[in-house]
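S.K.:
See below:
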């Protein structure tokens, strides 16, 4: 076990180890072999595995996704990297019309084992086209797996699982998680899809959060705990397949559900979770609330961006109100320092 | 000049496609074929000429208009017919239909309803083949409409950049659905454009099957053994029927029947039929007809997939 492994190091370890044990794994994308190496996650790979397996690509997201799919049809396992999730929009035709459908529309005759790694940005002026979180888009499509880890441990284990999976996997990282740390085994390991991580056990309130919002929620939980509110904090980790059982069982216990999405709410992940819960347990006096991006394009200036995202304070406030049926005292809120990673973040982008 | 046995082989391949398409036209009003059909009548020669120059291990990708490629490359005819009928014994268990034919064993890896998509997939397959040091050529068939798509140009660029073992076959029938090429682009010289990517190009007459065949044969060798650039062949051809469906559509006004007459006149199936003995032709025809009857019987007798198939193969295990 390696204490203080960063999210970036965990990702790098997974790729390095999988490429070492499986010759068919390749890495491709814009900038994968440059001096920055996708925040360091691909540094050194070209020297170790050669430029045939570490491919810096032209700026052609759609074409290169189609090429990754074609290589996958021939038994190669490409990891295709996009430095921002916004750029994946250029590849939607290949991802949705080809990758997601090939196994089914060809009657199980082919498989498409590709991993699409992409990053959600936040703060220091990421703005309208560097900050989008589109996991809900991909959840909607049969045939795609959607993975969104929040800790270095999960990042390593789930990326390894993604590479080994014989289907297209959208693997979503968050820029502000890159320098976060946790204990991560040096040896390679995989985490099965479709299992939530329960970060905190509690009886009062179920909080379901994804990606960077897990961190914001975790901090809010500490403050809620001081106010006598015991939160059960759940990170689904994989959105497709989704472990709704763990969430449903928790809500049955707490009767209170607060969802903190790292994305827009309308027709999104949070709506899906609520639907799953209601379908299963009915509306048996369960309090439900959700938070996420404001339903607007992400502004660049920090003075507006501050209001765009949920943060530790707003999550605390919402949870407090749900359980105590009153607003928390202002002193309680003022004790909380907001947005630790985003205040510190100034790149690299 | 091609010898008699070669002529017979080519004729048989083309005639098989023509008769299959005509059988589809005959059957279609019965609603037994539960799929839109984009018939390849008029374009048989392109698929035959290209595929005759390939080995079983060589791989083809094609489009929603692929009945000709599927048959010419050796796709299983029973599985194809069953697929058109929506039966579980179809090559995609009835889930794909006419636009998604596949036969991995015959090297037919993918076809698509979305114009241009398989071009990138074919380039990726060629990349994999190069990484794995396999000695096979990858062929991708597409129409002139695909030349309008961005992915086409992204794919050509990458294939040239990595010198991949691929031959691009542009079946230029001059129409994308109902739009003539001149209404879609200022520069209609594809070869001039494609050359700038670092790809070798040539325009060939789609009716000249032996010329196409020879070009593929030689280029395959040059690409695989001598490290030549990928090749782009623009093959001039003509779609005799409507874009989708079994009818002619010259009364719609977007094209002139004079065009068809010219292509009818130079039809290589007609020409080669005249060059071989009548008895031989009869034998070929009756052999094909028997095969078609068998395929239709197979499709008719096969069951439809049942409800348990609905959720199968969303993911690969």
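Chains as they are written, first to last, in this note's numbering: chain D, 373 to 721; chain U, 19 to 335. Here a beta-carbon is modelled for each residue, glycine too, at the ideal position from N, C-alpha and C.
Can a CB atom of chain D be found closer than 8 Å to the CB of residue 247 of chain U?
M.R.: Start at 1 with the first residue of the second chain, and residue 247 of chain U comes out as number 229. By this cut-off, residue 247 of chain U is not an interface position.
S.K.: Below 8 Å CB to CB, which residues in the same chain sit around residue 657 of chain D once its five sequence neighbours on both sides are set aside?
M.R.: If you number the first chain from 1, residue 657 of chain D lands on position 285. 627.
S.K.: When DSSP builds the beta bridges, which residues end up paired with residue 450 of chain D?
M.R.: For the purposes of this step, residue 450 of chain D is identified with residue 78 of the first chain, where counting begins at 1. According to DSSP, residue 450 of chain D bridges with D:398.
S.K.: Residue 673 of chain D to residue 447 of chain D, Cα distance in whole Å?
M.R.: The count along the first chain starts at 1 and reaches residue 673 of chain D at position 301. The count along the first chain starts at 1 and reaches residue 447 of chain D at position 75. Whole-angstrom Cα-Cα distance: 46 Å.
S.K.: Please decide whether residue 135 of chain U counts as near chain D, where near means a Cβ-Cβ distance under 8 Å.
M.R.: In the second chain, the residue the question calls residue 135 of chain U occupies position 117. With 8 Å as the cut-off, residue 135 of chain U counts as an interface residue toward chain D.
S.K.: Nearest to residue 609 of chain D by CA position, among D:567, D:515 and D:671, is which residue?
M.R.: The sequence position of residue 609 of chain D within the first chain is 237, counting from 1. Of the listed residues, the one whose Cα sits closest to residue 609 of chain D is D:567.
S.K.: Can you tell me whether residue 329 of chain U is buried or exposed? The criterion is at least 16 other CB atoms within 10 Å of its CB, across all chains shown.
M.R.: Your numbering for residue 329 of chain U matches position 311 in the second chain. Exposed is the call here.
S.K.: Assuming residue 294 of chain U contacts residue 26 of chain U under a Cβ cut-off of 8 Å, what Cβ separation, rounded to an integer in Å, is found between them?
M.R.: Numbered from its first residue, the second chain carries residue 294 of chain U at position 276. Numbered from its first residue, the second chain carries residue 26 of chain U at position 8. Yes, they are in contact, since the Cβ atoms of residue 294 of chain U and residue 26 of chain U sit about 6 Å apart, within 8 Å.
S.K.: Could you tell me the alpha carbon to alpha carbon distance between residue 51 of chain U and residue 154 of chain U, rounded to whole angstroms?
M.R.: Residue 51 of chain U sits at position 33 when you count from the first residue of the second chain. Residue 154 of chain U sits at position 136 when you count from the first residue of the second chain. Distance between the alpha carbons of residue 51 of chain U and residue 154 of chain U is about 35 Å.
S.K.: Taking a contact to mean a Cβ-Cβ separation below 8 Å, would you say residue 522 of chain D touches residue 587 of chain D in this structure?
M.R.: In the first chain, the residue the question calls residue 522 of chain D occupies position 150. In the first chain, the residue the question calls residue 587 of chain D occupies position 215. Yes, the Cβ-Cβ distance between residue 522 of chain D and residue 587 of chain D is below 8 Å.
S.K.: Less than 7 Å between C-beta atoms, sequence neighbours within five positions excluded: which residues of the same chain meet that for residue 240 of chain U?
M.R.: Position 222 of the second chain, counted from the first residue, corresponds to residue 240 of chain U. Hits under 7 Å: 246.
S.K.: Using the beta-carbon of each residue, which ones in chain U are nearer than 9 Å to residue 469 of chain D?
M.R.: Here the question's residue 469 of chain D lines up with position 97 in the first chain. By Cβ distance, chain U contributes 130, 131, 132 and 135.
S.K.: Have a look at the DSSP bridge pairing and note the partners of residue 316 of chain U.
M.R.: As a working note, residue 316 of chain U is residue 298 in the second chain. The partner list for residue 316 of chain U (beta bridge, DSSP) is empty, contrary to what the question assumes.
S.K.: Which whole-angstrom value describes the C-beta separation of residue 631 of chain D and residue 668 of chain D, a residue pair presumed to lie in contact below a C-beta threshold of 8 Å?
M.R.: Locating residue 631 of chain D in the first chain gives position 259, where the first residue counts as 1. Locating residue 668 of chain D in the first chain gives position 296, where the first residue counts as 1. Not confirmed; about 19 Å, so no contact.
S.K.: If you check the beta carbons only, do residue 398 of chain D and residue 431 of chain D fall under 8 Å apart?
M.R.: On the first chain, position 26 is the one that residue 398 of chain D refers to. On the first chain, position 59 is the one that residue 431 of chain D refers to. The answer is no: Cβ separation not under 8 Å.
S.K.: Look up residue 52 of chain U in the DSSP assignment and say whether it is helix, strand or coil.
M.R.: Residue 52 of chain U sits at position 34 when you count from the first residue of the second chain. It is coil, neither helix nor strand.
S.K.: How would you call residue 646 of chain D, buried or exposed, if buried means at least 16 neighbouring beta carbons within 10 angstroms?
M.R.: Reading the first chain from its first residue, position 274 is the one you call residue 646 of chain D. It counts as buried.
S.K.: What number of angstroms, rounded off, separates the C-alpha of residue 485 of chain D from the C-alpha of residue 127 of chain U?
M.R.: Here residue 485 of chain D is taken as the residue at index 113 of the first chain, counted from 1. Here residue 127 of chain U is taken as the residue at index 109 of the second chain, counted from 1. Taking the straight line joining both Cα atoms gives about 15 Å.
S.K.: Going along chain D, which residues have a C-beta under 7 Å from residue 147 of chain U?
M.R.: Counted from its first residue, the second chain places residue 147 of chain U at position 129. Going along chain D in sequence order, the residues near residue 147 of chain U (Cβ under 7 Å) are 446.
S.K.: In angstroms, rounded to a whole number, what distance separates the CA positions of residue 122 of chain U and residue 164 of chain U?
M.R.: Sequence index remark: in the second chain, residue 122 of chain U carries index 104 (1-based). Sequence index remark: in the second chain, residue 164 of chain U carries index 146 (1-based). Cα to Cα, residue 122 of chain U sits roughly 24 Å from residue 164 of chain U.
S.K.: With distances taken Cα to Cα, identify the nearest neighbour of residue 436 of chain D among D:418, D:460 and D:424.
M.R.: Here residue 436 of chain D refers to the residue found at position 64 when the first chain is read from its first residue. Taking only the C-alpha atoms, the option nearest residue 436 of chain D is D:460.
S.K.: Can you list, in chain order, the residues of its chain whose CB lies under 8 Å from that of residue 396 of chain D, leaving out five sequence neighbours each side?
M.R.: Taking the first residue of the first chain as position 1, residue 396 of chain D is located at position 24. So the list reads 447, 448 and 449, once near-sequence residues are dropped.
S.K.: Could you pull out every residue in the same chain whose Cβ sits closer than 6 Å to the Cβ of residue 613 of chain D, ignoring the five residues on either side in sequence?
M.R.: For the purposes of this step, residue 613 of chain D is taken as the residue at position 241 of the first chain. So the qualifying residues of the chain are 565 and 566.
S.K.: Please determine, among U:45, U:77, U:49 and U:108, the residue with the shortest C-alpha to C-alpha distance to residue 350 of chain U.
M.R.: The structure shown has nothing for residue 350 of chain U, since chain U only spans 19 to 335.
S.K.: I'd like to check one pair, residue 392 of chain D with residue 405 of chain D: are the Cβ atoms closer than 8 Å?
M.R.: As a first step, residue 405 of chain D must be located in the first chain, where it is residue number 33. As a first step, residue 392 of chain D must be located in the first chain, where it is residue number 20. Contact flag unset, no.
S.K.: Start and end of the alpha helix (DSSP H) containing residue 387 of chain D?
M.R.: For the purposes of this step, residue 387 of chain D is taken as residue 15 along the first chain, with counting starting at 1. Element bounds for residue 387 of chain D: 379-393.
S.K.: Quick one: what's residue 428 of chain D bridged to in DSSP?
M.R.: Stepping through the first chain from its first residue, residue 428 of chain D is reached at position 56. Beta-bridge pairing links residue 428 of chain D to D:401.
S.K.: Check whether chain U comes within 8 Å of residue 509 of chain D, counting only Cβ atoms and requiring the distance to be less than that.
M.R.: Here residue 509 of chain D refers to the residue found at position 137 when the first chain is read from its first residue. Cβ-Cβ to chain U under 8 Å: no for residue 509 of chain D.
S.K.: Please say whether residue 237 of chain U and residue 372 of chain D have beta carbons closer to each other than 8 Å?
M.R.: Residue 372 of chain D falls outside the range modelled here, since chain D spans only 373 to 721, and no answer is possible.
S.K.: Tell me which residue opens and which closes the alpha helix (DSSP H) that residue 281 of chain U is part of.
M.R.: Reading the second chain from its first residue, position 263 is the one you call residue 281 of chain U. Note, residue 281 of chain U: alpha helix (DSSP H), 275-283.
S.K.: Does the pairing of the region 471-479 of chain D with the region 527-536 of chain D give three or more beta-carbon distances under 8 Å?
M.R.: No, the region 471-479 of chain D is not in contact with the region 527-536 of chain D.
S.K.: By the criterion of Cβ-Cβ separation under 8 Å, what are the contact partners of residue 477 of chain D in chain U?
M.R.: The sequence position of residue 477 of chain D within the first chain is 105, counting from 1. Under the 8 Å cutoff, chain U gives 110, 113, 114 and 118.
S.K.: Per DSSP, which one or two residues make a beta bridge with residue 188 of chain U?
M.R.: Residue mapping note: residue 188 of chain U aligns to position 170 of the second chain, counting from 1. Answer is U:160 and U:252, bridged to residue 188 of chain U.
S.K.: In angstroms, rounded to a whole number, what distance separates the CA positions of residue 713 of chain D and residue 550 of chain D?
M.R.: If you number the first chain from 1, residue 713 of chain D lands on position 341. If you number the first chain from 1, residue 550 of chain D lands on position 178. Computed Cα separation, rounded: 10 Å.
S.K.: Given the structure, does residue 275 of chain U come close to the ligand NAD, in the sense that its CB is under 7 Å from one of the ligand's heavy atoms?
M.R.: The ligand NAD is not among the ligands present in this structure, which contains no ligands whatsoever.
S.K.: I'd like the ranges of any beta strand (DSSP E) spanning at least 3 consecutive residues and lying wholly in the region 99-140 of chain U.
M.R.: Within the region 99-140 of chain U, the complete beta strand (DSSP E) runs of at least 3 residues are 126-130.
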